[in-house]
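Engineer: Below: one structure in structure tokens.
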């Protein structure tokens, strides 16, 4: 629990203590100088509850629940990052290349030298795919997903790196980037 209070107010409260547990003025000055306000931007510095020194609007029920039931939302900086499997990059590259090659192959086998080709992978994708366009979209897709492999992901739960899932994501990427 972080109580919002000014340094002057803290000094006054310390000087008013009569129980013999007041800090020496030097010690209190050092504590105030070294104190950093909690911030969600830093790894460990996020307070669970912030309340005003006036005591108004204290979320007592929420504080009690956090203490007694342990229902606490952890700071995202302290959560374990789900890492991709070791072969995720290979699967990503290989599957994207296979899908892109299948699209170009289907277009070549259909006998059309241009125009619209309907590909059986998805009914929504009906465009002419050149080798250059295929490589450009494949590189973009791989680059977008490479970060999740190397840095891990913050998604809730594990990311599915199976060939089928990667193929589905790549086809969705193609559909999104090739809309007429």
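In this note's numbering, the protein residues as written are 251 to 430.
The beta carbon of each residue, even a glycine, is placed where N, CA and C say it ideally should be.
Quick caveat: nothing in here was measured; it's all calculated off a predicted structure.
From the DSSP output, which residues share a beta bridge with residue 254?
Structural biologist: Note: residue 254 sits in a beta bridge opposite 302.
Engineer: Can you give the Cα-Cα distance for residue 411 and residue 344, rounded to whole angstroms?
Structural biologist: Those two C-alpha atoms are separated by around 12 Å.
Engineer: Please report how far the alpha carbon of residue 288 lies from the alpha carbon of residue 271, in whole angstroms.
Structural biologist: Between residue 288 and residue 271, the C-alpha separation is close to 25 Å.
Engineer: Taking the alpha helix (DSSP H) that residue 411 falls in, what are its first and last residues?
Structural biologist: Neither: residue 411 is in no alpha helix (DSSP H) and is coded neither H nor E.
Engineer: If I follow the unbroken alpha helix (DSSP H) through residue 315, where does it start and stop?
Structural biologist: Per DSSP, residue 315 belongs to the alpha helix (DSSP H) from 310 to 319.
Engineer: Would you say residue 282 and residue 309 are within 9 Å of each other, going by their C-beta atoms?
Structural biologist: It is not a contact, given that the beta carbons lie outside the stated cut-off.
Engineer: Looking at the secondary structure, which residues open and close the alpha helix (DSSP H) in which residue 287 lies?
Structural biologist: Premise fails: residue 287 is in no alpha helix (DSSP H) and is neither H nor E.
Engineer: Are the segment 379 to 396 and the segment 419 to 426 in contact at 8 Å, needing three or more beta carbon pairs?
Structural biologist: These segments touch.
Engineer: Can the beta-carbon of residue 353 be found closer than 9 Å to that of residue 395?
Structural biologist: The answer is no: Cβ separation not under 9 Å.
Engineer: Output yes or no for whether 9 Å exceeds the beta carbon distance between residue 263 and residue 274.
Structural biologist: Going by C-beta atoms, residue 263 is not nearer than 9 Å to residue 274.
Engineer: Rank 336, 302, 316, 346 by C-alpha distance to the C-alpha of residue 253 and give the top, closest one.
Structural biologist: Considering only alpha carbons, the answer is 302.
Engineer: Residue 346 to residue 335, Cα distance in whole Å?
Structural biologist: Their backbone Cα atoms lie some 17 Å apart in a straight line.
Engineer: So for residue 352, helix, strand or coil by DSSP?
Structural biologist: Residue state, collapsed to three classes: helix.
Engineer: Measuring only the C-alpha atoms, how far is residue 320 from residue 251?
Structural biologist: Spanning the two alpha carbons is a distance of roughly 14 Å.
Engineer: Check whether the Cβ atoms of residue 349 and residue 398 lie closer than 9 Å to each other.
Structural biologist: It is not a contact, given that the beta carbons lie outside the stated cut-off.
Engineer: Using a Cβ-Cβ distance under 9 Å, would residue 395 count as near chain D?
Structural biologist: You won't find chain D in this structure, because it holds only one protein chain.
Engineer: Would you tell me roughly how many angstroms separate the C-alpha atoms of residue 286 and residue 419, rounded to the nearest one?
Structural biologist: Going from the Cα of residue 286 to the Cα of residue 419 covers about 44 Å.
Engineer: Is residue 397 helix, strand or coil when you go by DSSP?
Structural biologist: Helix, per DSSP.
Engineer: Which residue's Cα is closest to the Cα of residue 444: 259, 358, 316?
Structural biologist: Outside the shown range of the chain, which is 251 to 430, sits residue 444, and nothing can be said about it.
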